[in-house]
Amino acid sequence: MVTGANGYVASWLVKRLLDEGITVHAAVRNPDNAEKLSHLKDAAEASNGEIKFFQGDLMKEGSYKEAMEGCELVYHTASPFTTDVKDPQKELIDPAVNGTSNVLNSANEVSSVKRVVVTSSCAAIYTDAIDSVNAPGGKLTEEIWNTTASLDYQPYSYSKTLAEKKAWEIVESQNRWDLVTINPCLVVGPALNPHNTTSETVNILKMLGGGDMKMGAPKMGVGIVDVRDVAEAHFKAGFTPEAKGRYITAGHCTDFLEMGTVLLPKYGTQFPLPKKALPKWLLMVVGPMTNKLFTRHFIKNNVNVPWNADNSKIKKELGIGFRPMRDTMEEAFQVLIDEGILKAS
Numbered sequence: 120m121v122t123g124a125n126g127y128v129a130s131w132l133v134k135r136l137l138d139e140g141i142t143v144h145a146a147v148r149n150p151d152n153a154e155k156l157s158h159l160k161d162a163a164e165a166s167n168g169e170i171k172f173f174q175g176d177l178m179k180e181g182s183y184k185e186a187m188e189g190c191e192l193v194y195h196t197a198s199p200f201t202t203d204v205k206d207p208q209k210e211l212i213d214p215a216v217n218g219t220s221n222v223l224n225s226a227n228e229v230s231s232v233k234r235v236v237v238t239s240s241c242a243a244i245y246t247d248a249i250d251s252v253n254a255p256g257g258k259l260t261e262e263i264w265n266t267t268a269s270l271d272y273q274p275y276s277y278s279k280t281l282a283e284k285k286a287w288e289i290v291e292s293q294n295r296w297d298l299v300t301i302n303p304c305l306v307v308g309p310a311l312n313p314h315n316t317t318s319e320t321v322n323i324l325k326m327l328g329g330g331d332m333k334m335g336a337p338k339m340g341v342g343i344v345d346v347r348d349v350a351e352a353h354f355k356a357g358f359t360p361e362a363k364g365r366y367i368t369a370g371h372c373t374d375f376l377e378m379g380t381v382l383l384p385k386y387g388t389q390f391p392l393p394k395k396a397l398p399k400w401l402l403m404v405v406g407p408m409t410n411k412l413f414t415r416h417f418i419k420n421n422v423n424v425p426w427n428a429d430n431s432k433i434k435k436e437l438g439i440g441f442r443p444m445r446d447t448m449e450e451a452f453q454v455l456i457d458e459g460i461l462k463a464s
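If you count the sequence shown from 1, you need to add 119 to reach this note's numbering.
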């Protein structure tokens, strides 16, 4: 069973499961929305697997129970990913934490369940790039928990931290099923459903290619990973009996400038991509005026600060390899061009 089955990562996961000939119970907000589910139906038709759609609501207790019946493996991928919120408690914290409780409490009630894989995030490990610098050995590891986010500062990271902690709390109250969490950094790559154009990832690509950063991009330390590699990590976490605990799923330690310049060889003549770094002092002056997220505190902790995470656990225990960054960036960028979201100048 997969919650939020038509989401960005979940769609690739569902396709991977179907290609293995597995029956997938796909829990979605609206099973009657043909446009949002057509890519999953197409994937099922082209595979040996079977898909069955169910209605599921993060905020409605017990709403995933029907979809879960008869399933040994549950993937909980549904969770809000946005930073543009007016009420972080209502829009981020409640759906993330209550949704996790909702799904895992149902796992307690459905006797067929043997493993739950939860899509957490590196945001449950850190808030700002400076946290990776301050980590033991200068690298984020699975042992670290985010202690710097709050309801007032980076509430998205706070929501992921609280939701994952809730998951570990619930699993410890029973001994029938086990829990594995996948903790990806910024997920980039082509969407299986090209109409899925509302994510933060798409916003970053639009800023890089749409001219917002033509004068330069901030050297803001981030990790990125291909959406297909994240889907494979979920698949392996479900089907590797020895899999346990948390898995940092990060392909590349990079920054916004490098994400833009890696696109230059292929797209540099048609799109106003950034070619140089924006000075930190300039961002300190204009950042807070142009974007409410770019507070001076945020700029200080992320710009010209390297991001570093240790991905050795997932490579060793799940055998995950990561696609080259250029392939991921180019294929993600091309989808936005094909969909008419980005137009050549």
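Ideal Cβ placement from N, Cα and C applies to all residues, glycine included. Fair warning: this is a prediction, and the values are worked out from it, not measured in the lab.
Under 8 Å between C-beta atoms of G126 and A197: Taking 8 Å as the Cβ cut-off, G126 and A197 qualify as a contacting pair.
Counted within 10 angstroms of its Cβ, other Cβ atoms place W131 as buried (16 or more) or exposed: Taking all protein chains shown into account, W131 has 16 or more neighbouring C-beta atoms within 10 Å of its C-beta and is therefore buried.
Residue interval of the beta strand (DSSP E) (run including I469): Residue 469 lies beyond the stretch modelled for the chain, which goes from 120 to 464, so this question has no answer here.
N302 (DSSP reduced to helix, strand or coil): Annotated three-state conformation of N302 is strand, per DSSP.
Buried or exposed by the 16-neighbour rule on C-beta atoms within 10 Å, applied to E458: With fewer than 16 other beta carbons inside 10 angstroms of its own, E458 counts as exposed.
Beta-carbon separation (whole angstroms), G175 vs A153, contact threshold 8 Å: 18 Å between Cβ atoms; not a contact.
Sheet register partners of G340 (DSSP bridge): According to DSSP, G340 bridges with D374.
Closest by C-alpha distance to V216, when choosing among E377, P303, E261, Y275: The shortest C-alpha to C-alpha distance from V216 to any of E377, P303, E261, Y275 is the one to Y275.
Endpoints, alpha helix (DSSP H) assigned at G218: G218 -> alpha helix (DSSP H) spans 213-228.
CA-to-CA distance, T246 to P309, given in whole angstroms: C-alpha separation (whole angstroms): 26 Å.
C-alpha distance - Y183 paired with P214, whole-angstrom precision: Each residue's Cα considered, the two are about 14 Å apart.
Between the CA atoms of F441 and N430 - distance to the nearest angstrom: So the two alpha carbons sit approximately 10 Å from each other.
Beta carbon of G329 nearer than 8 Å to that of A396: Cβ distance not < 8 Å, so G329 and A396 don't count as in contact.
Coarse secondary structure for I460, derived from DSSP in three states: Of the three classes helix, strand and coil, the one that applies to I460 here is coil, per DSSP.
Alpha-carbon spacing of A254 relative to K432, whole angstroms: Distance between the alpha carbons of A254 and K432: 17 Å.
Status (buried if at least 16 other CB within 10 Å, exposed otherwise) for W400: Exposed, by the Cβ-count rule.
Counted within 10 angstroms of its Cβ, other Cβ atoms place H416 as buried (16 or more) or exposed: Burial call: exposed.
Presumed contact (8 Å Cβ cut-off) between H144 and V236, rounded CB distance: Not confirmed; about 14 Å, so no contact.
The region 270-288 in contact with the region 346-361 per 3-pair CB rule at 8 Å: In short, these stretches do not touch, since the Cβ pair count stays below three.
Continuous beta strand (DSSP E) stretch holding I244: start and end: That residue, I244, is in no beta strand (DSSP E); it is neither H nor E in DSSP.
Cβ-Cβ distance between P425 and K333 below 8 Å: No.
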